[in-house]
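Quick note: the sequence shown uses the working numbering, first residue 122, plus one each step. Using N, Cα and C, we set each Cβ at its ideal position, and we do this for glycine too. These numbers come from a predicted model, not from an experiment.
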Amino acid sequence: MQAHPTSAEQSGANLKQLFAYPFRIFFLSMTVLTLVGIPLWVLEVSGVIQLPLAMPALFWHQHEMLFGFLSAAIAGFLLTAVCVWTQTERMHGVPLMLLWAVWLAGRLLLALGGSLPDMLVHAVNLAFLPLVMIDAGWRIWRARQKRQLMILAVLGLLWLMQIGFVTRLDMSFSYGALIMAMALISIVGGRITPAFTAGWLRQRGYDASRVKMIAPLDLVNLLAMVVLMASLVTGWQTLTAILALVAAGLMLKRLYNWKGWLARSEPLLWILHLSLLWVPVALILLAGSLMAGWPSSAWSHAAGTGAVGCLILGVIARVSLGHTGRPLQLPKGMVAAFVAIQLAALIRVLTALEVIPWPPGIGSSTVLWVFAYGVFLIRYTGVLASPRADGKEG
């Protein structure tokens with residue numbers, strides 16, 4: 122008679138599976154972070170609670186969304202993708218546990234380390250991105266894949282923005298980080314979105330050649346974003362506004378080339394196209410903030426909540442299925458989650474522009490965000506903590 126595994130044995134197996142591939146533990150952890158962190162921030166700024174934060178509440182919120190939430194998403198996606206790109210053995214087991222522990226320690230120190238030395242808190246938080254870049258970098262170097270180096274370059278600039286932010290608590294560095302975040306998702310989104318769209322069209326007998334990827338345009342767009350970041354951080358307002366409009370125009374041209382409307386019936390595709398549309402929206406709002414005095418929180422939330430938050434949800438929903446050997450069929454409720462995250466971004470931007478009053482605006486956008494990522498947590502925890510459906514390792 123075959124013995125059934127105990128609940129303790131199953132829990133141990135599930136925990137081991139979470140560290141079988143980087144996307145598993147980091148996608149789950151970043152989701153938990155945002156579901157806990159955003160409500161805590163709202164309660165903190167509303168005066169309901171008082172946390173022993175290691176930096177002022179507004180800066181803590183910005184840091185955790187940019188360098189806690191986003192960095193975990195980067196680690197989960199990049200350290201998974203780079204193994205496929207370079208055909209190298211995945212990071213898993215103890216090394217992955219140690220990397221995750223560095224990320225987790227950073228979150229705990231910032232939330233609870235108000236009485237600890239700044240040097241300790243900063244050192245732990247600044248260690249994570251370089252560790253990710255080192256692991257990805259040596260794989261890319263050994264495989265001689267120069268095309269991937271631009272991702273590492275953008276990550277390096279993002280890390281420089283983090284250094285400036287945590288050491289000076291200067292908003293210009295968080296703004297620079299947002300530009301680099303949009304640059305990064307423009308690179309990644311520019312690879313997967315048109316490729317997935319063309320593949321989907323081809324499978325259904327449509328003309329996939331209508332989707333066009335133009336490498337020089339992609340490169341010029343990236344360079345414009347890098348120069349924009351430098352101009353923004355150094356405070357050249359007129360030049361920054363012009364560069365923002367140029368970068369927005371280039372991104373709109375790329376989106377037009379990818380023909381997202383042809384895949385409007387597929388949620389796993391329209392979420393990518395619609396999320397990337399927030400990039401030029403954010404850049405136009407940035408130009409408006411510099412030239413017409415529009416609230417800077419409008420463009421920053423179009424970038425953070427819209428472009429970054431929406432695209433991450435779309436990407437992790439797809440990657441979590443594909444890399445666990447499951448068909449690309451969204452679990453129940455995820456289409457509603459995609460709609461909710463887009464509405465959260467729209468309401469948050471309209472609140473910043475004072476179209477919607479602050480209390481109902483911040484409240485409803487928070488509820489929609491929590492709903493969207495809450496659905497992901499409910500529907501994907503089992504996926505991320507279970508063995509691959511096809512029996513393969515990882």
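Per the coordinates, the alpha-carbon of V440 lies some 23 Å from the alpha-carbon of E185. Burial check for V242: the Cβ neighbour count within 10 Å reaches 16 or more, so the residue is buried. In this structure, A141 is the residue among T152, A141 and K137 with its C-alpha nearest to the C-alpha of G515. Contact check for T201 against P143 passes: the beta carbons are separated by less than 8 Å. For M412, the three-state secondary structure derived from DSSP is helix. Membership of R325 in any alpha helix (DSSP H) is not indicated, and neither H nor E is assigned to it by DSSP. Under the three-state reduction of DSSP, Q358 is assigned to helix. Boundaries of the alpha helix (DSSP H) around E165: P143 to V166. Rounded to whole angstroms, the gap between the alpha carbons of M151 and D511 is 26 Å. The C-alpha of V488 lies about 44 Å from the C-alpha of A264.
For a cut-off of 8 Å, the C-beta gap from A362 to V400 is around 16 Å, too long to register as a contact.
Within the region 235 to 323, the runs of alpha helix (DSSP H) that reach at least 4 residues and sit entirely inside it are, in chain order, 239 to 264 and 270 to 289. Collapsing the DSSP output to three states places R331 in a helix. For V456, the enclosing alpha helix (DSSP H) starts and ends at M455 to A473. If the five residues before and after L398 are omitted, its C-beta is found closer than 7 Å to the C-beta atoms of L376, all from its own chain and listed in chain order. In the three-state scheme derived from DSSP, where H, G and I count as helix and E and B as strand, P480 is classed as helix. At least 8 Å separates the beta-carbon of K374 from that of L349. From the listed residues I195, S330 and M240, the smallest Cα separation to A175 is found for M240. About 5 Å separates the CB atoms of A194 and I433; that is less than 8 Å, so the two are in contact. R289 counts as exposed, since fewer than 16 other C-beta atoms from the protein chains shown sit within 10 angstroms of its C-beta.
At the C-beta level, L383 and L156 stay beyond 8 Å of one another. By the criterion of a C-beta distance shorter than 8 Å, A302 is surrounded in its chain by L187, L191, L279, A424, G425, A428 and V429, once the five residues flanking it on both sides are discounted. By the criterion of a C-beta distance shorter than 7 Å, Q358 is surrounded in its chain by L411, once the five residues flanking it on both sides are discounted. Sequence-distant partners of L281 (beyond 5 residues in either direction) whose C-beta falls short of 7 Å from its own C-beta are missing from its chain. One Cα belongs to V163, the other to G326, and the distance between them is close to 48 Å.
With a beta-carbon spacing of about 11 Å, I306 and L343 fall beyond the 8 Å limit used to define contacts. Secondary structure note for F180: its alpha helix (DSSP H) is the uninterrupted segment A178 to H184.
Here the alpha carbons of G285 and S295 stand approximately 9 Å from one another. Closest in alpha carbon position to S386, among V456, P160 and P448, is V456. Membership of R385 in any alpha helix (DSSP H) is not indicated, and neither H nor E is assigned to it by DSSP. Assigned with DSSP and collapsed to three states, F492 falls in helix.
One Cα belongs to W262, the other to C204, and the distance between them is close to 12 Å. The shortest C-alpha to C-alpha distance from A329 to any of I272, L136 and P315 is the one to P315. Restricting attention to N135, L136, W206 and R228, the CA atom closest to the CA of V153 is found in R228. At the C-beta level, A304 and V341 stay beyond 8 Å of one another. The Cβ atoms of P160 and V491 lie closer than 8 Å to each other.
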